Each structure stands twice: as structure tokens, then as C-alpha cells.
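Count the sequence shown with the working numbering and you get residues -3 to 962, in order. Here a beta-carbon is modelled for each residue, glycine too, at the ideal position from N, C-alpha and C. Bear in mind that the values here come from a model prediction, so they are computed numbers and not experimental data. Structure record follows, encoded as C-alpha cells.
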Amino acid sequence: MGPPVDPQKPTVGEVTRACWARALAPASWEALVRQAATAGAFKQPQLENEVCTALLDLLSEASGSKTASPTTLSYLRHAFGLGAPHAVKSLVQPGILAARLWQRSDASLTTIDSALAVVNAALDAQGASAPTYAATSVEGVLEAVAIASSLLASQLEQSASSSSSIQTPTVDYIIRLLSHPPIRITSKDVDDSAIERCLGNLNSASTSLSTFAPLPTDAAFLGQLQQTIASTRSLLDAKPVERIGAPFNLDEKVTSADPDIAFLIDDLLHRSTTPVGISNTRNAVARIAAALKYRVAEAPSRGGTPESALSATFLEMLLAATSVLRQGEGKRVVESSFAYSRLPDVLSDVFRKISMSDKCQEGLQGGLESAMRAFASAIKTPSSNAMDLDDATSATSPSTIVLNTLITSFCHRELISIDVGASLASPDVHQQDLAPQSLPEGCYNNQLAEQDQEGVRETLNDLPTNYLAQKAIVSGLQAAIHSFAQNLDLVGLSALCKTILDVPDVLEVAFLHLEPREILSPVREFLDQFDTSLENFGDGHPIEGYGKVVLFIETVLSRFKLYADLPRHLGSSKGFFVHWLPSAPAVYPLQGLDEESKLAVDGWVEGLFGEGISDELMHSTNPRVLLRVAPTICKQSLVACQAGVIDLDTLREGLSYFLQELLSFTLPGVVHWLVDEIGRTPPSPAQTTMLDILGVFIFSESLPRLVLELVSSSLAALASKLGNTSPAPTLDLAKLKALVAPYQPVLGASASSTSPASWSTQLTTALPRALATPSSAPPPPSLSAALLHTSPSPSSLLATLLALHQPLLPSASPEPYLRASRLLRLSSALLATPSSTSSTFTFPILQSLITEVLPWRLLELAARGEDEEALAQGELLGEILAAPLLWANEMVVEGGEGVSEQESQVAVLLDGVAWAVRDARRRTEGKKGAAEGEQRRRGAEAFVDRLMAHQVLVDRSAKLAQLRAI
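What follows is the structure, encoded as C-alpha cells:
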């Protein structure tokens, strides 16, 4: 019955032999094998090795017979998961067993045939994704090809001597291995001698096949084998497609920020639809990490080194972040806070978190110090400087102030050494001032949560210039708001909200460090659930404090243009405010109101025009209901006046209550409705009455400044419309325009010549022009909108990009090459710009290119065969798509906001690329033989080579990884 199994720690070989001797079922054998693996604490590679050895030992011992033991074959099938009644993890992969079999010197053709018959079945069951062989390098695959050639010679000899069929499992597997190697066979980066040996083996096999006389039934099979060998020889004979190299070191002399870095800094500061940029998100770290990684990866092709690439990239960031500051024009709170506080904080996170090679990791600080030296050198060398910095060297010159402040900020955060900082700073900066400094977490929490606002105001006044403490102050501010809101402390929250709006630039600086939702979400939650009828508010009434908080949230949303995505910025898609805010000016027919709203309308109309506002009315009215029905109250009052129920003086007197602090928080909705109604009403007594009431509201000295700010855009539009009507309106339009002027953007204002939006204008004018930007369209407010604004078709976009990047081909002269390389960087950054309206990262333009244009472009390249231009175009196409995919991948890795990397849109995009490649291969394969088909695909394969040179992309998509095996 065979030897007994050691109950202590049996080996897998002992278990297998004992089970085989007893003819145990495969499922029982597997269970005992897994028990042995658990007892021996085997990891998966050791388990696979033990199982392969045990099964191949049994097969080899039976090599004297014509067929292998059925029990052994059943164990082998079960090890691959074939015929299992339910989905189980296989004990070993077929490619691993094939590699172990290849390496055994005692394996006969019978043993090999028996094992490979099951391996082939397993590969068929697992599909194209199953590796055909266990190899970690092209060299390992070449070694397998050499063994296959030797086995093929033996098989041919045996078939010829016995007049038997060549259609054996061994030859079938050889075809699979050559057609679908685990790593795509290429001569790139492989030792020439290994290539020569492998080619020699394949040539010998090809010669043997040419003289072999097959059975009539083997002719088609033999033709397939010959074509497969010829295709493999073609791959090894082909010259590797090298990455396009620069004609000179492009990073040697940096004089300005290249478009991708200019665009990155621009996007960190502000997006095209809102003054709030992305520097307050995890995406900021991801974007900078992506820039650094991509620049390091492309350094060799630009004639540089990883070290020079890091230095150049950091220098470009410094130039971009300080462009406006170095001009010394006016107060630049946001730009200075970004350059001296937020950017150093983000770089600190990058230095801690970025996943780069050890050499690059160590080179980050050295790269930044080298960049600072270049930056300082430019300032200290007036007149002959190419960086367009001011040439003053005094301690008060803008550039010197910029340099000293940057050095201080970087030294405080240990981004550069004190010695380097002291050597670069002006003499008035003492070395002790550069010592590293840090603030304990939460150090401002208690100070900003005080009910007394004087201390709070003092701290917030210090915020814009306290660059070291900015993050801590903003965090304390967030903690105080959260605490007040969570504890339903209306007194504390309303006072803090008022102080924040009263102190200039607080929110502008805060939103460099925090996302708006981190402040607005707790405020919205408070407003949604607070019950004013239960609050003891001292001398005042809770509605007044509640109203201050309402005006706060409305002002923040309006000032920073956040209405487009309220659920994101308010932290919820549910609740009163997320639904009321977009419809604040709405009026409702009385019969359509619920009972509570009807009572509120009736009670407040009676209070406004009757006996006055009683304490009972104030306490009984839910302020959320009052916000909703305030425009309806105004409309019902106007209807009553028009019907003669009340006269105009009574109407004015009654509605003037809205100007009192108790009701003023409802005025924005009321005024918006009134303005809309005036605009829809032709000149008439009704319009005159409404204009009269509008004047009562907006020209009153009691009108709160925040309310005027909230309604200023509507009022400006109304003034423009009424200015063209006849007869002239009764409202004083000149006074109205003067009233709203301080809150309106300067007409015709555009980015200055030194702002991020225009740094790369001269380099990128070809892009929007080529994309046929409508001449009537306004210039985009930032580079982030430059491509999105034109809305080009994907096909015209890709054609334009290829044309613009044509100078990157090897024959280009230096200057066009430099210009095209900058355009490549810009297009990469633009294509990888995520949608600003999505809570997760999506890349709509990149998706359109890959799904709508790439398939036919690859097919076109594949059809051109050995055309040298097609090879270069394929390489260029891979370059254009690889860069934004790398940028996008880093965003997902560092800031995926809960989306797994495998489920991210980057993985979806890469799967789309893989599909396009497979489709091009399928359509051009086999039309005139596989060998010729392979040559006809060469342009498309150059694209694959360029894309798959980035292992991180291959790792992200299993379908893309499979291209190596095709």
C-alpha cells in the first residue's frame, strides 16, 4: 500500500507518493498537500516548487511505460484546477511546471509529452492571461527557446524514424511558448551573444523543418510551426526601437518654467472655474510627485541625468511660483502664501512620501539645493541674466525678499540645509533665523475656539504673513468651526464666522491649505439641524445668529464660485441647504405650500403689515422655512399693493423690515427674485413698483455689506439691461452701478505677462490656433482651460498633437526640437488634467483619445509595415500618451480618494490601450503569413515598446501586461 505518511511534518513529496500508492482521489491529495504546506509554513513559491518536484518525479519514474499513471495525471490536472467542482486556487501555475520540466535532465519525451498535454489543457482553460513559462527576464525566455529548439529537433528525429505525427503535446506547447512568451521577446537590452545563440538554435530548427517530410495530415500544423519560428526570428533580428533622444541636454540651461510646470503651479493656485486651486488636496502631492518622477524618467532621452532633471524641475517650480512676486507689483497675499507656506509644506510631504528609487530619493534635497543656487545666482547677477528677474541686490528689492523668504521657509522645514541657506541669503539674514522650526499639532485650537473674538481677530490678522504657522492656524480654525458646530454652539459659531469674513484674506489663505468642504461641511450640518426655538441667545434672538451663519456659507460659496458642485463642497447631497441654495429666489403658489410654510407666510405678512413682529412669531418660525418662503412673502406683498389692499408707503414700510438684522439673512433670495421679476416685466406700473421696492432695499444704509456682495452680479446685469430700455427706468442706474462696482471683476482684465497663465504663451500659441479656437471666444482664464475650452474632436486633437510634436523626430534641428519638447510637456499635463467636477479622478480628454482615435491610428501604423516614418510615428504616439498616463497614475496612487488603483480610470484607460493594440494586431495578422504580418505591425509595435517601457503602467493593467506575451 506504500509508505505511511509521517503525521508530524510530512513533505509534499511524501504526501504525494503515499496518496499515489493508495490511489487516493485528487481532492484528498490536495487537502493533504495543503496540510503539509501549512505544517511546514510554506510560502506559495516553495509550495509550487514542492508540488512540481513531486509530480514530475512520479512522471519520470513511469517514463519506461508508454503512458503515464492515470493517478499521477489526475493529480496534475487537479493541481492546475482542471475539473474542480468549484473555483479553487490552483496549487501551481502551468507555466511554472513547464519551466521545472524544461530544467530536468532526466525527463524523457514520454514524460514531457504527458506533462505538457495537461499544461496545454490548463493554458486553454485559463486563457491568454496565463503565462506559458516561468521567466523573469527576456534572457530566461531565450533560454527556454533554446531548450524548445533542442526538443523540437528530438521530436522531429523521432517522428521521422517512426513515421509518426509531429502533432504532439510537446510541439503544440512549443508553438504556444513562441507565440505567447511570458515576456515579449525583443532584442532590446539583451546581450548580443544570447541573441546570437538563440537565433542559431532557431535557424537550426528552421533548417530541420525545411527538410522534414510530414504526414499529409501534418501539413497545416507544420506550416503553423514554421510561421511561428519565422516570427520569433523576425523579432530577434529586428533593430530595437530606441527612445527618441535629444540633440543636446535640454535641462542644461533653464531660463523659465516649461509649460507643464507652469501649468502645474497655475492649477495648484486656482482652477479655471474657481479661485480655489488644488494645493489644498492630496492631489497636490500627487501632481508634484508625478512631475518629478516623469522628469527623472525622461532625463536620459533629454541628454541629462536624474540629478540634473530634479534640479531643473525644482528650479522651474521656483520660477513659476514666484513669477509675480519678483515683480513687486502690489499686494499678493495668495501668491506669497502659496510660495512661502503651502508649496514648502507640499514639498515636505513629497520628500517624505514620494516612491522613487533610492538614488533619486536621496537626490531630492540635493536637487532643491542646486535649484536654489541657480535661483540665487540669477538674482545676484543683474543685467546679464536670462531669467528676467529684477537686477536689484539690495535687501529691500523684490527678488532679494523672495529669495530670503524662500530660503527661510525651506530651512525651517529642513528642505535645504542651514549651511546652504546661509550661503545664499543676503547678509541681513542671520544663520540662527534659519534653524529648523516646527509647531506642535493643535497649538492654535484652543486660541481660535475662544468666545472672545479679539484674540481670534489678532491671530487671523497675522495669518497672511506668518508663513511657518499658516498651516497650524488654518487647522486650528477648522477645529474651532467643527467644535462649535458639533456642540451646536450658535453664539461661538456665528461670532467666528463673522470674524472670518471681517478679516481680509483669511479664507483666501485658508483654502490654500484646506478644501472648502472641510470648513463648509460642519457649518452646513449645523444649519441643517439647529433648532432656534430651543436656544437661549442672551440679549438677542437665535435667528440673528443663525442668519450670520447662513450669510457666511452663502458668501463663501459665492466668493469662491463653488455653486457648481454643492454636494462636494457642502459634504452631502442631502439636507435642506444643499437643495435650497440653488433655488433660493424661488417663489411658490400658496396652494402648493405645506402647512408649516403657509402659516409662516400668513404670519409674517400679517406681522410686516399689521401689528409687527412678535416674539411668538420669531420663536415659532423655523429659519429654514423662513429662508424658503421669504421671496413668496415679498411677492404676496406686491400682489396686495397692486390689488389696492395696501398702498405703496405701507408696502415700503413693511418690506423694510427685511433690512433689519433679524431678517436680513433672507434678503439675497428676495433681491434675486425681485431682480429676475423686474427683468421679465415690461415697463409698466407693476415694474415701477418693483423698482421702487428694489431701491428701498439696495440704497438703504442698513443693507448689510455681505448681502450687497451676494446680489451684486444680478444687480450689475439688471443695470446693463435697463440701460437699453425706453422709457428710462425710475431707478437711479448711475447710483446702482457705483454701488456694485467694488464687487465686480475688472472688465477686460486678463493674466499679466508674468502670471502662470501666460508664462508659456509664446510656446503654446500653436496649440489653440491649431485646435481652431473660435475667434469670438474669450481667452481662457488659465492654462488649465486652454485645451478644454476649445472642445476639439478627439481625432483632430490627436492629429494636431502629432503634427506639433513632429520636430521630436530624430532629424529635427535643436531649436524646433526644444520647442516641440516643451509642447509635449504641455500636452501631457493638459491631457492628464482630471475633471474638476468629479469627486474621483476622471480624465475625459485622454479617455476620448484612447477609445475613439487610438484604434484606427494604430491600425494605420500597422498597415505601413517597415516604413521608417511609421516606426518613428509609433514611437512618437507612445510618447504622447505615456506621459499623461504616468501623470494620471500618480494622481490615483497618491490621491485616489477611496478608489482602488485597479478600479481607477487609469486602469480602464490602459485596458483600452491594450484593446486597441490587440485589435490592430488581429486585423493585420495572417493576411500574408504571420512573419509578414509581424513586419506589417512594426509601427504599432514601436508604440507598444514606448508605452511598455514604463513598468508602472504595465503593472497597473493586466490586459496591458498581456501584450508582452502576444
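**Report entry** CA-to-CA distance, F839 to A884, given in whole angstroms
**Finding:** C-alpha separation (whole angstroms): 8 Å.
Query raised in the report: Curious, which full-length beta strand (DSSP E) runs of at least 3 residues does the segment 423 to 502 contain?
Result: Counting whole runs of 3 or more residues, the segment 423 to 502 contains no beta strand (DSSP E) stretch at all.
Report task. My understanding is that I225 touches S206, with C-beta atoms under 8 Å, so please give their C-beta distance in whole angstroms. Result -> Actually they do not touch by this definition, with Cβ atoms about 11 Å apart.
Query raised in the report: Is the distance from the Cβ of S317 to the Cβ of I261 below 8 Å?
Result: For clarity, residue 317 is Ala in the given sequence; the question names Ser instead. Judged by beta-carbon spacing, I261 lies within the 8 Å limit of A317, meaning their Cβ atoms are closer than that value.
**Report entry** T132 versus M944 - alpha carbon distance
**Finding:** Their Cα atoms are separated by approximately 15 Å.
Query raised in the report: Taking the alpha carbon of A938 as the point to measure from, which residue in D254, T461, Q869 and G908 has its own alpha carbon closest?
Result: Comparing C-alpha distances from A938 to each of D254, T461, Q869 and G908 shows the shortest one belongs to Q869.
Query raised in the report: Candidates L857, D907 and G874: which alpha carbon is nearest R934's?
Result: For R934, the nearest C-alpha among the options comes from L857.
Query raised in the report: What separation, rounded to the nearest whole angstrom, lies between the Cα atoms of S422 and A712?
Result: Cα atoms of S422 and A712: separation of roughly 49 Å, rounded to the nearest angstrom.
Query raised in the report: Pick from D561, I876 and G665: whose alpha carbon is nearest that of L826?
Result: Distances from the CA of L826 to each of D561, I876 and G665 were compared; the closest alpha carbon is that of I876.
Query raised in the report: Nearest to P619 by alpha carbon, out of L119, I350 and Q525?
Result: Comparing Cα positions, the closest option is Q525.
Query raised in the report: G543 and F661 look like a contact to me (Cβ under 8 Å); what is the Cβ gap, rounded to whole Å?
Result: The beta-carbon distance between G543 and F661, rounded to whole angstroms, is 3 Å. This is short enough to meet the 8 Å contact definition.
Query raised in the report: Are the Cβ atoms of R964 and R564 separated by less than 8 Å?
Result: An answer regarding residue 964 cannot be provided, because it is not within the stretch -3 to 962 covered by the chain.
Requested in this report: Work out the CA separation of A253 and S200 for me, nearest whole Å.
Outcome: Using only the alpha carbons, I get a separation of about 57 Å.
Query raised in the report: Which of the three DSSP states, helix, strand or coil, is assigned to L411?
Result: Annotated three-state conformation of L411 is coil, per DSSP.
Query raised in the report: Using CA coordinates, which residue listed in A282, A94, P127 and H266 is at the minimum distance from L882?
Result: Considering only A282, A94, P127 and H266, the residue with the shortest C-alpha distance to L882 is A282.
Report task. Please work out which residues of its chain come closer than 6 Å, Cβ to Cβ, to D907, disregarding the five sequence neighbours upstream and downstream, and give them in chain order. Result -> Counting only residues of its own chain and dropping the five nearest sequence neighbours on each side, D907 has a CB closer than 6 Å to the CB of S953 and K955.
Query raised in the report: If we count the other Cβ atoms within 10 Å of its Cβ and call it buried at 16 or more, is H509 buried or exposed?
Result: Around the CB of H509, 16 or more other CB atoms lie within 10 Å, so the residue is classed as buried.
Query raised in the report: How should A936 be labelled, buried or exposed, when 16 other C-beta atoms within 10 angstroms of its C-beta is the threshold for buried?
Result: Classified as buried, A936 has 16 or more neighbouring CB atoms from the shown chains inside 10 Å of its CB.
Query raised in the report: What is the DSSP secondary structure of I876, reduced to helix, strand or coil?
Result: I876 falls in the helix class under three-state DSSP.
Query raised in the report: Is it true that the CB of L51 sits closer than 8 Å to the CB of T12?
Result: Taking 8 Å as the Cβ cut-off, T12 and L51 qualify as a contacting pair.
**Report entry** Sequence-distant residues of its chain with Cβ nearer than 7 Å to L511 (five each side left out)
**Finding:** With the sequence shown as reference, residue 511 is identified as Glu, and Leu is not the correct amino acid for it. Excluding residues within five positions, the ones whose Cβ falls inside 7 Å are N276 and T277.
Query raised in the report: If you draw a straight line from the C-alpha of S471 to the C-alpha of L464, how long is it?
Result: Distance between S471 and L464, taken at the CA atoms: about 13 Å.
**Report entry** 4-residue-minimum alpha helix (DSSP H) runs that sit fully inside the segment 162 to 235, ordered along the chain
**Finding:** Within the segment 162 to 235, the complete alpha helix (DSSP H) segments at least 4 residues long are 165 to 175, 188 to 207 and 215 to 233, listed from N- to C-terminus.
Query raised in the report: Got a sec? Which residues, its chain only, sit under 8 Å from A295 by beta carbon, not counting five neighbours each side?
Result: Cβ within range, chain order: D247, T301, P302, S304 and A305.
Query - Bounding residues of the alpha helix (DSSP H) (the contiguous stretch that carries L516) - result: First-last of the alpha helix (DSSP H) with L516: P512 to Q525.
Report task. Count the C-beta pairs between the segment 651 to 668 and the segment 695 to 711 that are closer than 8 Å, then say yes if the count reaches three, no if not. Result -> Three or more Cβ pairs closer than 8 Å define a contact, and the segment 651 to 668 meets that threshold against the segment 695 to 711.
Query - Closest residue to A431 among T617, G691 and I403 (Cα-Cα distance) - result: Of the listed residues, the one whose Cα sits closest to A431 is I403.
Query raised in the report: Buried or exposed: which applies to Y290, given that a residue is buried once 16 or more other Cβ atoms fall within 10 Å of its Cβ?
Result: Under this definition Y290 is a buried residue.
Query raised in the report: Would you say L311 and A372 are within 8 Å of each other, going by their C-beta atoms?
Result: No, the Cβ-Cβ distance between L311 and A372 is not below 8 Å.
Query raised in the report: Is the Cβ-Cβ distance between L87 and V47 less than 8 Å?
Result: Cβ atoms of L87 and V47: closer than 8 Å.
Report task. Would you identify the three-state DSSP class for R328, choosing helix, strand or coil? Result -> R328 carries a coil assignment under DSSP once its states are collapsed to helix, strand and coil.
Query raised in the report: Does DSSP put V950 in a helix, a strand or coil?
Result: Helix, per DSSP.
Query raised in the report: Which residue's Cα is closest to the Cα of P271: P700, Y71 and V505?
Result: Check the Cα spacing between P271 and each of P700, Y71 and V505: the tightest is with V505.
Query raised in the report: From which residue to which residue does the alpha helix (DSSP H) around G136 run?
Result: G136: member of the alpha helix (DSSP H) spanning V134 to S158, first to last residue.
Query raised in the report: Which residues in the same chain have their Cβ closer than 7 Å to the Cβ of S579, if we skip the five residues on either side of it in sequence?
Result: Result list for S579: empty, nothing under 7 Å.
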